[in-house]
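These notes concern the structure reproduced below.
Below, the structure written as C-alpha cells:
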C-alpha cells in the first residue's frame with residue numbers, strides 16, 4: 093500500500109466520498125465541541141496534504157467561511173429569539189422584548205440571553221458547520237467531473253446535471269481569482285461590480301455556451317427506447333428503495349438507536365440497486381480509462397467507515413455532553429466542560445489516515461504533455 097500511495101495519481105472519487113460521509117456521520121452524532129473540532133482539524137489536514145492544483149481544488153476556503161457564517165447566524169438567531177435555558181443558567185444580558193400579536197403566541201423576540209443558550213446554539217451551529225466542511229472536503233479532493241463515471245446508467249442524465257452544478261462554484265472562484273490578478277497587474281482599484289462581477293458573469297455565460305455545444309456534439313441528451321413496463325418497474329423500485337434508505341438512515345443515525353435501521357438500510361440499498369439495474373439495462377456508455385480501485389482506495393474508504401463506527405459506539409454522555417452539572421434546583425449549577433472518549437478519539441485519528449495512505453495528486457503541469465491526449 094505504501095508503494096502504491098507513493099506514485100502520484102488521482103484517487104478514486106468514491107473513496108473520498110466514503111471517507112467524507114463517514115466523517116460527516118460521526119459529526120452528526122455529537123454536539124461535543126472537542127470532537128467536532130477534531131473532525132474539522134482532520135478534514136483540514138487531509139485536504140492540505142492531498143489537495144491538487146486544479147481549479148476545483150481551491151474552494152475549501154469558501155466552505156470554511158460558509159461554516160463560520162452558519163455558526164454566526166445560529167448564535168445571532170438564538171439571541172434575537174431569546175435564549176432562556178430550561179434548566180436555569182447564567183444570565184449575560186437582556187434584549188428588549190418586542191410584543192407580538194396573539195396569533196404568534198409561540199414566538200418571541202428578545203428576552204433574557206443566558207450563557208447556556210449561547211453555548212447550545214454554538215454547539216448546534218458547529219455541528220452543521222462541520223457537516224458542510226466534510227462535504228466541502230470531498231468536493232475539494234474528488235474531481236467532480238470524474239464522479240460522473242461511477243454513476244449507473246439509469247442516473248446518467250441526473251448525474252450529468254449534478255456534476256455540472258458542482259463545477260459552478262469552483263469555476264466562479266477560478267474566474268474571480270483570474271480577474272483579481274488582472275486588476276492587480278493593471279493597478280485598478282474600486283468599482284468591484286463593474287470590473288469583477290460583470291466579467292465573472294460574462295465568463296460563466298461563455299463557459300455555459302461552450303459546455304452546451306460540447307455536450308450536444310457528444311450525444312448527451314439522446315433517448316433510449318424502453319418499454320413502459322420497464323420504466324414503471326424501475327421507478328417503483330427506486331422510490332421504494334429510497335424510502336427504505338431514508339428510514340434506515342434515520343434509524344441508524346437517531347440517538348435512540350432503533351433496531352430496524354441497519355436492516356432497512358440494507359434492504360433499501362438492495363431494492364435501489366435492482367431498480368438502477370432495470371432502469372439502465374438498455375443504456376450504452378463507453379468508459380475511457382476507468383478509475384482504478386486498489387489498496388489506497390480501500391484504506392481511505394475504510395478510514396471513513398472506522399470513524400463512523402467508533403463514534404457510534406462511544407459513550408453517549410461524551411457525544412452529547414450536558415451543559416450544566418447536576419445540582420439543587422434553587423441554585424444555578426456550574427458549567428460542565430465537555431469530556432473525551434478514547435474510542436471517539438481513536439476514530440478521529442483513524443480519519444487522518446488518508447493524509448498518508450492516499451497517493452499524492454499529480455502536478456498540474458505533469459498532466460498535460462505535448463502530443464499526449466488526456
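Numbering (the numbering used here), first residue to last: 93 to 466. Backbone N, C-alpha and C define an ideal beta-carbon position, used for all residues, glycine too.
Residues of the same chain with a CB within less than 8 Å of the CB of residue 442, apart from the 5 flanking positions on each side, are 395, 398, 399 and 402 in chain order. Secondary structure at residue 253: helix, using DSSP grouped into helix, strand and coil.
Just measuring C-alpha positions, the residue of 150, 116, 122 and 145 sitting nearest residue 134 is 116.
In the three-state DSSP reduction, residue 384 falls in the coil class, being neither helix nor strand.
When only Cα atoms are considered, residue 266 and residue 233 end up about 16 Å apart. Per DSSP, reduced to three states, the secondary structure at residue 405 is coil, with no helix or strand assignment. DSSP places residue 145 outside both helix and strand once states are collapsed to three, so it counts as coil. Checking the DSSP bridge columns, you'll see residue 125 has no partner listed. Counting only runs of 4+ residues, the alpha helix (DSSP H) found wholly inside the region 279-309 occupies 290-309, in chain order.
In summary, residue 206 is buried, with 16 or more beta-carbon neighbours lying within 10 Å of its beta-carbon over all protein chains present. Between the C-alpha atoms of residue 139 and residue 229 there is a straight-line separation of about 6 Å.
For a cut-off of 8 Å, the C-beta gap from residue 227 to residue 159 is around 10 Å, too long to register as a contact. Residue 131 and residue 222 have their C-alpha atoms spaced approximately 7 Å apart. Between the region 268-277 and the region 287-304 there are three or more inter-stretch CB-CB distances shorter than 8 Å, so the stretches are counted as touching. Residue 452 and residue 239 have their C-alpha atoms roughly 19 Å apart. Of the residues assessed, residue 166 falls on the buried side of the cut-off, its CB having 16 or more other CB atoms within 10 angstroms. In this structure, the beta-carbon distance from residue 103 to residue 388 falls below 8 Å. Annotation: the continuous alpha helix (DSSP H) that includes residue 237 extends over 236-239.
For the pair residue 287 and residue 215, the CB atoms are not nearer than the 8 Å cut-off. Under the DSSP assignment, residue 455 falls outside any alpha helix (DSSP H); it carries neither an H nor an E label.
The C-beta distance from residue 322 to residue 370 rounds to 6 Å, short enough to fall under 8 Å. Residue burial annotation: residue 446 is buried, with at least 16 other C-beta atoms found within 10 angstroms of its C-beta. In the displayed model, residue 272 falls within a helix according to three-state DSSP.
Here DSSP, grouped into helix, strand and coil, assigns residue 354 to helix.
Between residue 393 and residue 107, the C-beta spacing is below 8 Å. If the five residues before and after residue 341 are omitted, its C-beta is found closer than 7 Å to the C-beta atoms of 357, all from its own chain and listed in chain order. Residue 247 and residue 183 have their C-alpha atoms roughly 54 Å apart.
Residue 195: not part of any alpha helix (DSSP H); DSSP gives it neither H nor E. Here residue 412 carries a coil assignment [DSSP, helix/strand/coil]. Comparing alpha-carbon positions, the option among 210, 208, 189 and 209 lying closest to residue 200 turns out to be 189.
When 145, 444, 208 and 213 are compared, the shortest CA-CA separation from residue 169 is found for 213. If you look at residue 100, you'll find it isn't in any alpha helix (DSSP H); DSSP assigns it neither H nor E. As the crow flies, the alpha-carbon of residue 217 is around 31 Å from that of residue 361.
A Cβ-Cβ separation of about 5 Å places residue 336 in contact with residue 359 under the 8 Å criterion.
For the options 428, 338, 450 and 437, the alpha carbon positioned closest to that of residue 386 is the one of 450.
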